[in-house]
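Peer 1:
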Amino acid sequence: MAGGDILLRTHGGLPVLARASPCSLRLRLTASGRRAPSSLAAAKVDIGDVVSQLRSGSARGAADPKRQRRVSEGGLAFPRVVTSRIRGAEEEGEGEAPQLDAEKIGGEAGGVDGSYLSETRFDQCAISELSLKGVKDAGYGRMTQVQEATLPVILQGKDVLAKAKTGTGKTVAFLLPAIEVLSKLPSSQRSQLRSSINLLVMCPTRELANQVAVEAKKLLKYHRSLGVQVVIGGTRITQEQRNMQANPCQILVATPGRLKDHLENTPGFSTRLKGVKVLVLDEADRLLDMGFRRDIEKIMAATPKDRQTLLFSATVPEEVRQISHVAMRKDYRFINTVKEGDEETHSQVSQMYMIAPLDLHFSILYDVLKKHVADDADYKVIIFCTTAMVTKLVAEVLSQLKLNIREIHSRKSQSARTKVSDEFRRSKGVILVSSDVSARGVDYPDVTLVIQVGIPAGREQYIHRIGRTGRKGKEGQGLLLLAPWESHFLTSVKDLSVSEAVTPSVDSSTQTEVKGALRRVEMKSKESAYQAWLGYYNSNKTIGGNKSRLVTLGEEFSRSMGLAAPPAIPKLILRKMGLSKVPGFRST
Ligand SMILES: Nc1ncnc2c1ncn2[C@@H]1O[C@H](COP(=O)(O)OP(=O)(O)OP(=O)(O)O)[C@@H](O)[C@H]1O
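1 is the number of the first residue of the sequence shown in full-length UniProt numbering; add one for each residue after it.
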C-alpha cells in the first residue's frame with residue numbers, strides 16, 4: 001500500500017480504508033452522521049470481498065485485528081476536532097486577506113459530513129422579497145458555506161474568484177447575487193438596455209449550461225421582468241437566433257463555441273453584449289485552460305471592461321490564480337471555502353484505486369458492477385472513460401452483459417445527450433457510461449458510485465469526476481481502475497485519501513460472459529475505440545513520450561477487446577497523430 005499509515009472508517013456500514021495523510025487525521029463520521037473517533041486498521045480491502053461480506057452480514061470490522069492492533073500500537077494519535085480558520089476564506093487578489101472563522105461558517109448543519117450548510121438563512125440576507133420567495137420555493141432554507149461567504153462580497157460589486165468543493169451550491173452562489181444586481185438596475189438603464197444581455201454565464205458543457213438555466217428559472221420565478229435563455233452547440237443556430245429575436249432575455253447561459261458563433265454571425269448580438277453587467281465563468285479553470293481560452297478572450301473583449309466578473313470552480317490550480325487577472329479587476333477577492341489542511345474531495349466519499357492488467361479491466365468492471373447492483377437496489381453509477389469512442393465501446397460491452405446502461409459523450413446527438421441526461425437525473429437503478437462531458441458541474445442526485453477507467457486527464461478532472469457523488473453532504477464511493485503502467489497518476493492525487501483495493505479474483509464464468517459480450521460487439525466499435533485510445537495515450541505526456549512502448553500498450557488494449565491483433569489505422573489518422581513512421585502500427 002502506497003504512502004504510509006491506514007485508518008479504517010465506517011462508510012454506510014462498509015469498512016473503508018484510507019491512507020492517513022495529515023489531512024485525514026481528524027475525527028471521522030459514523031454512518032449515522034454522528035462524530036466519532038475513527039477506529040484504526042491497516043490492510044488492503046478487496047471490494048468484492050467487502051461486498052460479499054456485507055451481504056453475509058460480516059462486513060463490519062472485517063479488517064485483520066492483529067494489523068489493527070499493530071497500527072494502534074504504532075502510535076497514530078488522533079488530534080481533537082480541527083477548528084482551524086479557513087485559509088484565506090476571503091482573500092484579496094492583491095493585498096490583505098481577511099479571514100472567516102471556520103466554526104462560524106461550518107458546524108453540524110448539512111448532510112452526512114455536516115459541513116456544507118452554514119448557519120445563515122437566506123431570509124437573514126440582504127436580498128429582495130422576489131428572490132427570497134424563489135429561494136423558498138426551490139426548497140432552500142439555509143445558505144451553503146460558499147453562498148454565505150460570497151453573497152455579501154458580490155453584492156458589494158467586487159469581482160470574485162471562488163473555490164468550493166463539488167456539489168456545495170456554487171450555482172446559486174453566483175446566480176442569486178447576480179440576479180439581485182440585475183433587479184436593482186435603475187429602470188432608466190433597463191429600458192435603455194431593454195434588449196441587452198446583462199448577465200452572461202459561460203459553461204464548458206451543454207448539459208451544464210442547461211442545468212444552470214434551470215436553476216436560474218427557479219430563482220427568477222417571481223422576477224417577472226427578467227428572463228433566461230440558453231445558447232449551446234449541437235442545436236440549430238437559426239432556431240436560437242429566432243428565439244433571441246422574438247424574446248430577447250437579459251440573462252444568457254452559453255457554451256463558448258456557440259457564443260462565439262453568435263458573436264460572429266448573429267446581427268446585433270455584439271451590441272447586446274455591450275450591456276453585460278455581470279460575467280460568470282462557471283468551471284473557471286476549465287474555461288481558462290488552453291482548450292477554451294481563445295474563445296473566452298474574444299467573448300470577454302466583446303463585453304464592457306467595467307463589468308463585474310465572477311469565477312467559480314471546485315479546483316483553482318495556481319496557474320489559474322496567476323491568469324485570473326486577465327478576466328478580473330485588480331482588487332478581486334479570492335474566496336476559498338476549503339479549510340486549510342482539508343482535502344479538495346469530500347471525506348464522506350470513500351476513494352479507492354485498483355491496479356490490474358488491461359486485459360482484466362472489462363471483467364473487473366463487470367464484477368464490481370454486479371456486486372454493487374446486488375448490494376444497493378437504488379444504485380446509480382457513473383463510469384468515466386478516457387474518450388468518446390472508448391465510452392461507446394464500454395457501454396456496448398456492458399449492455400451486452402445485460403446491465404442497465406445509458407451512454408453519453410460528444411459523438412451523440414444533442415437531443416440524445418439531453419434525453420439521457422434528463423433520464424439519468426430522474427432515475428435509480430441505472431449505470432451511465434460517460435466521457436468527460438459529465439465530469440464537471442452536472443448535478444445528478446444520489447449517485448452511489450463513480451468509476452474512472454484509465455488515467456484521468458489530470459488531477460482536477462479526477463476531483464470533478466469523483467464530485468459527481470457525495471453531493472450535498474451525502475455519502476458516495478469512488479473507484480479508479482488503472483493498468484500498472486498508469487499508476488504514476490497516483491502521485492498527482494497523493495494528498496487525497498485514495499486507498500488501494502486489491503484486485504478481485506474474477507471467477508471463470510464472469511470471464512466467459514465478458515468474452516462472449518466482447519465477441520458480440522461490432523468490429524467497427526473496436527476499431528474506433530482503438531484509434532481514440534491511441535490518440536488519448538499518445539498525447540499523454542508520460543505515456544506518449546515512448547512510441548515503441550505505445551505500440552506494445554496498444555496491442556495490450558486491443559487484446560483486452562478480444563482481438564488477436566490491433567486493427568489497421570487510416571494513414572491520414574496515423575499521420576495526424578505523428579505515428580506514421582513508428583514501426584508496429586498497421587495502416588490502411
Ligand atoms: N442553500 C441550499 N440548500 C440546499 N440545497 C442547495 C442549496 N443551494 C444549492 N443547493 C442544491 O445543491 C446541489 C448542488 O449544487 P450545485 O450543482 O450548484 O453544486 P456545485 O458546487 O456547483 O457543484 P460542482 O462543483 O459539481 O459544479 C443542487 O441540487 C442544488 O439545487
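Glycine included, every Cβ here is placed at the ideal spot set by N, Cα and C.
Closest by CA to D405, which one among S183, V420, A178, K412?
Peer 2: Along the sequence shown, read from residue 1 onward, the residue named residue 405 stands at position 405. Rather than Asp, the amino acid found at residue 405 in this sequence is Ile. Nearest C-alpha to I405: V420.
Peer 1: Consider the C-beta atom of R142 and the heavy atoms of ligand 1; say whether any pair is separated by less than 7 Å.
Peer 2: Position 142 of the sequence shown, counted from the first residue, corresponds to residue 142. Yes, ligand 1 has a heavy atom inside 7 Å of this Cβ.
Peer 1: Taking only the alpha-carbon atoms, compute the straight-line gap between T345 and T469 and give it to the nearest angstrom.
Peer 2: Reading the sequence shown from its first residue, position 345 is the one you call residue 345. Reading the sequence shown from its first residue, position 469 is the one you call residue 469. Each residue's alpha carbon lies about 10 Å from the other.
Peer 1: Using 7 Å as the cut-off, classify the Cβ of K472 as near or not near the heavy atoms of ligand 1, replying yes or no.
Peer 2: As a working mapping, residue 472 is identified with position 472 in the sequence shown. The answer is yes for K472.
Peer 1: In the DSSP assignment, what are the bridge partners of T309?
Peer 2: Residue mapping note: residue 309 aligns to position 309 of the sequence shown, counting from 1. DSSP lists L279 as partners of T309.
Peer 1: Whose C-beta lies closer than 7 Å to the C-beta of Y116 among residues of the same chain, with five residues either side of it excluded?
Peer 2: Sequence index remark: in the sequence shown, residue 116 carries index 116 (1-based). If we look at Y116 and ignore the five residues flanking it on each side, its Cβ neighbours are G110, T144, Q145, T168, K472, G473.
Peer 1: Buried or exposed for K494, please, with buried defined as at least 16 other CB atoms from any protein chain shown within 10 angstroms of its CB.
Peer 2: Here residue 494 refers to the residue found at position 494 when the sequence shown is read from its first residue. By the neighbour-count rule (16 or more Cβ atoms within 10 Å), K494 is not buried but exposed.
Peer 1: With a threshold of 7 Å, establish whether the CB of L117 neighbours any heavy atom of ligand 1.
Peer 2: To locate residue 117, count along the sequence shown from 1; it is residue 117. True, at least one ligand heavy atom lies under 7 Å from that Cβ.
Peer 1: Would you kindly work out how many angstroms separate the C-alpha atoms of R459 and Y222, rounded to a whole number?
Peer 2: Within the sequence shown, numbered from 1, the residue matching residue 459 stands at position 459. Within the sequence shown, numbered from 1, the residue matching residue 222 stands at position 222. Approximately 41 Å, taken between the alpha carbons.
Peer 1: Under 6 Å Cβ to Cβ from D446, same chain only, skipping five residues before and after it: list those, please.
Peer 2: Here residue 446 refers to the residue found at position 446 of the sequence shown. Excluding positions up to five away in sequence, the list reads K380.
Peer 1: Is any heavy atom of ligand 1 found at a distance shorter than 7 Å from the C-beta of G169?
Peer 2: Along the sequence shown, read from residue 1 onward, the residue named residue 169 stands at position 169. Yes, the beta carbon of G169 sits closer than 7 Å to at least one heavy atom of ligand 1.
Peer 1: Please name the residue, chosen from K412, A284, R286, D295, that lies closest to R258 on a Cα-to-Cα basis.
Peer 2: In the sequence shown, residue 258 corresponds to position 258, counting from 1. Ranking K412, A284, R286, D295 by Cα distance to R258 puts D295 first.
Peer 1: Out of L219, K277, K260, S497, state which residue places its alpha-carbon closest to the alpha-carbon of L200.
Peer 2: If you number the sequence shown from 1, residue 200 lands on position 200. Nearest option by C-alpha distance: K277.
Peer 1: Could you check how far apart the C-beta atoms of V172 and E215 are, in whole angstroms? I think they sit under 8 Å.
Peer 2: As a first step, residue 172 must be located in the sequence shown, where it is residue number 172. As a first step, residue 215 must be located in the sequence shown, where it is residue number 215. Going by Cβ atoms, the distance from V172 to E215 rounds to 7 Å, so yes, they are a contact pair.
Peer 1: Less than 7 Å separating the Cβ of L386 from some heavy atom of ligand 1?
Peer 2: Position 386 of the sequence shown, counted from the start, is the residue given in the question as residue 386. Just to set this straight, residue 386 is Thr in the shown sequence, not Leu. Result no, Cβ not under 7 Å from ligand 1.
Peer 1: Starting from V481, trace the alpha helix (DSSP H) both ways and give me its first and last residue.
Peer 2: Within the sequence shown, the letter at position 481 stands for residue 481. The sequence given here has Leu at residue 481, not Val. Unbroken run through L481 is the beta strand (DSSP E), 476 to 482; no alpha helix (DSSP H).
Peer 1: Since G166 contacts R142 with CB under 8 Å, what's their CB separation in whole angstroms?
Peer 2: Translated into positions along the sequence shown, residue 166 becomes position 166. Translated into positions along the sequence shown, residue 142 becomes position 142. At residue 166 the sequence reads Thr, which differs from the Gly that was named. Not really, about 19 Å apart at Cβ, beyond 8 Å.
Peer 1: Please report how far the alpha carbon of S525 lies from the alpha carbon of I127, in whole angstroms.
Peer 2: If you number the sequence shown from 1, residue 525 lands on position 525. If you number the sequence shown from 1, residue 127 lands on position 127. Between S525 and I127, the C-alpha separation is close to 53 Å.
Peer 1: At a threshold of 7 Å, does R224 count as lining ligand 1 (C-beta to nearest heavy atom)?
Peer 2: The residue labelled residue 224 in the question sits at position 224 within the sequence shown. No - ligand 1 has no heavy atom lying nearer than 7 Å to the Cβ of R224.
Peer 1: Apart from the five residues on each side of it in sequence, which residues of its chain come closer than 8 Å, Cβ to Cβ, to T542?
Peer 2: The residue given as residue 542 occupies position 542 in the sequence shown. Excluding sequence neighbours, T542 sits near H488.
Peer 1: Express the C-alpha separation of K136 and P456 in angstroms, rounding to a whole number.
Peer 2: Here residue 456 refers to the residue found at position 456 of the sequence shown. Here residue 136 refers to the residue found at position 136 of the sequence shown. Using only the alpha carbons, I get a separation of about 39 Å.
Peer 1: Sorted by chain position, which residues of the same chain lie with C-beta nearer than 6 Å to E240's C-beta, five sequence neighbours on each side aside?
Peer 2: Stepping through the sequence shown from its first residue, residue 240 is reached at position 240. Counting only Cβ-Cβ distances below 6 Å, and skipping sequence neighbours, we find V231.
Peer 1: Please go through the same chain and pick out, in chain order, the residues whose beta-carbon is closer than 6 Å to the beta-carbon of G4, but skip the five residues on each side of it.
Peer 2: Walking along the sequence shown from the start, residue 4 turns up at place 4. The pLDDT assigned to G4 is 36, lower than 50, so where the model puts this residue is not dependable, and the model offers no usable value.
Peer 1: Helix, strand or coil: which one does DSSP assign to L572?
Peer 2: As a working note, residue 572 is residue 572 in the sequence shown. In the structure shown, L572 sits in a helix (DSSP, three-state: H, G or I).
Peer 1: Closer than 7 Å by C-beta to E555: which residues in its own chain qualify, once you throw out the five before and the five after it? Chain order, please.
Peer 2: Position 555 of the sequence shown, counted from the start, is the residue given in the question as residue 555. Excluding sequence neighbours, E555 sits near P566.
Peer 1: At a cut-off of 7 Å, would you count V172 as near ligand 3, judging by its Cβ distance to the nearest heavy atom?
Peer 2: Judged by which ligands are present, ligand 3 is missing from the structure shown, whose ligands are ligand 1.
Peer 1: What is the rounded straight-line gap between the Cα of residue 589 and the Cα of T235?
Peer 2: The question about residue 589 has no answer, for the chain in this structure spans 1 to 588.
Peer 1: Can you tell me which of S413, R549, P177 puts its alpha carbon nearest to the alpha carbon of V153?
Peer 2: Your numbering for residue 153 matches position 153 in the sequence shown. Minimum Cα distance to V153 is reached at P177.
Peer 1: Less than 8 Å between the beta carbons of E407 and T418, yes or no?
Peer 2: Taking the sequence shown and counting its residues from 1, the one referred to as residue 407 is at position 407. Taking the sequence shown and counting its residues from 1, the one referred to as residue 418 is at position 418. Result no, Cβ atoms of E407 and T418 do not sit closer than 8 Å.
Peer 1: Are the beta-carbon atoms belonging to E513 and L401 less than 8 Å from one another?
Peer 2: Translated into positions along the sequence shown, residue 513 becomes position 513. Translated into positions along the sequence shown, residue 401 becomes position 401. Yes.
Peer 1: Check T144 in the structure and name its three-state DSSP category.
Peer 2: Here residue 144 refers to the residue found at position 144 of the sequence shown. Correct three-state label for T144: strand.
Peer 1: If I measure Cβ to Cβ from L563 and keep anything under 7 Å in the same chain, skipping five residues before and after, which residues do I get?
Peer 2: Mapped onto the sequence shown, residue 563 falls at position 563. Cβ within range, chain order: K526.
Peer 1: Taking the straight line between their C-alpha atoms, what separation do you get for D359 and A374?
Peer 2: Within the sequence shown, residue 359 is the residue found at index 359, counting from 1. Within the sequence shown, residue 374 is the residue found at index 374, counting from 1. Their backbone Cα atoms lie some 24 Å apart in a straight line.
Peer 1: If you scan the region 123 to 185 from start to end, which runs of the beta strand (DSSP E) of 3 or more residues do you find wholly inside it?
Peer 2: Fully enclosed beta strand (DSSP E) runs of 3 or longer: 142 to 144, 160 to 163.
Peer 1: Closest to L161 by CA distance: which of L310, I197, K515 is it?
Peer 2: Against the sequence shown, residue 161 aligns to sequence position 161. Cα-wise, what sits closest to L161 is L310.
Peer 1: Could you check the C-alpha separation between S196 and V253 for me, to the nearest Å?
Peer 2: Taking the sequence shown and counting its residues from 1, the one referred to as residue 196 is at position 196. Taking the sequence shown and counting its residues from 1, the one referred to as residue 253 is at position 253. Rounded to the nearest angstrom, the two C-alpha atoms are 14 Å apart.
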